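Visitor:
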Amino acid sequence: MARKQHMTLLASVCLLLSLLHPIAAQRCGRQARGALCAGGKCCSQYGYCGISRTHCGSGCQSQCLGSTPSPTTPSPTSERTGNASYYTPPYVPSACFGFNQAQFPANQYFAAAGDSSSANLWNGGKNCGKKFRIRCVGKGCWGGPITVRIVDRCPNGCSNGRAFDLSAKAF
């Protein structure tokens, strides 16, 4: 009789755990209003956080490894035109994340945000880690838009009110 009760209890616990699992999974991406995963985990095409190939591979929505993720935040209602420059290594220490090498996306598309009155993307550090979609307009442009992650501050607006100081790879 005790063995039967033990098996019933074990089955009940397994059923309870299987019911709780979907509730505990962190949601992200377009399925969760653009939420990013904690701890830099990837957001799968289905809106779940993790670090497996399923999460970080094909269809990954944000914080993907080795690729340019599609933005998870809603598109802005208007575009702004600004100037960009580039900077070269050493990129550390950065104003956002110090010497932490994990701050740099695998594709090396990152930027310092301008902090001048005409181009204050720095915003007191509030944009650290955020992603911005940038496209080149005018002569000398090639390729499509890119997404860069803010990892640093560009003092005095990078001179002449520039909005971004891009990594060499992003530029």
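Under mature numbering (1 follows the signal peptide of the UniProt record, and there is no 0), read the sequence shown as residues -25 to -1, 1 to 146, first letter to last.
From the three backbone atoms N, C-alpha and C, an ideal C-beta is built for every residue, glycine too.
Model, not experiment: these values are computed from the prediction.
1. Hey, quick one: how far does the beta strand (DSSP E) through cysteine 129 stretch, first residue to last?
2. What first and last residue would you give for the beta strand (DSSP E) that runs through arginine 108?
3. Decide if valine 112 is buried, meaning its Cβ has at least 16 other Cβ atoms within 10 Å, or exposed.
4. Using a 10 Å radius around the Cβ and a threshold of 16 neighbouring Cβ atoms, would you call lysine 101 buried or exposed?
5. Check for me: the beta strand (DSSP E) holding threonine 81 runs from which residue to which?
6. From which residue to which residue does the beta strand (DSSP E) around leucine 140 run?
7. If I'm right that serine 142 touches glutamine 83 with Cβ under 8 Å, what's the distance once you round it to whole angstroms?
8. In angstroms with no decimal places, state the Cα-to-Cα distance between arginine 28 and lysine 16.
9. Go to cysteine 31, then tell me how far its alpha helix (DSSP H) extends in each direction, as first and last residue.
10. Tell me whether serine 69 is buried or exposed, calling it buried when 16 or more other Cβ atoms sit within 10 Å of its Cβ.
11. Do you know offhand how far isoleucine 121's Cα is from arginine 108's?
12. Round the Cβ separation of isoleucine 125 and lysine 144 to the nearest angstrom and send it over; I've been treating them as touching at under 8 Å.
13. Helix, strand or coil: which one does DSSP assign to alanine 88?
Guide: So, to answer that:
1. That run of the beta strand (DSSP E) goes 121 to 129.
2. Note, arginine 108: beta strand (DSSP E), 106 to 109.
3. So valine 112 ends up on the exposed side.
4. By the 10 Å Cβ count, lysine 101 comes out exposed.
5. Position check: residue 81 holds alanine in this sequence, whereas threonine was assumed. First-last for alanine 81: undefined, no H or E at that position.
6. In the sequence on display, residue 140 carries aspartate and not leucine. Element bounds for aspartate 140: 139 to 142.
7. 6 Å between Cβ atoms; contact.
8. Each residue's Cα considered, the two are about 11 Å apart.
9. Counted as a single uninterrupted DSSP element, the alpha helix (DSSP H) harbouring cysteine 31 occupies residues 28 to 31.
10. Classified as buried, serine 69 has 16 or more neighbouring CB atoms from the shown chains inside 10 Å of its CB.
11. Cα to Cα, isoleucine 121 sits roughly 6 Å from arginine 108.
12. Taking 8 Å as the upper bound for CB-CB distance, isoleucine 125 and lysine 144 are not in contact here, some 15 Å apart.
13. It is a strand residue.
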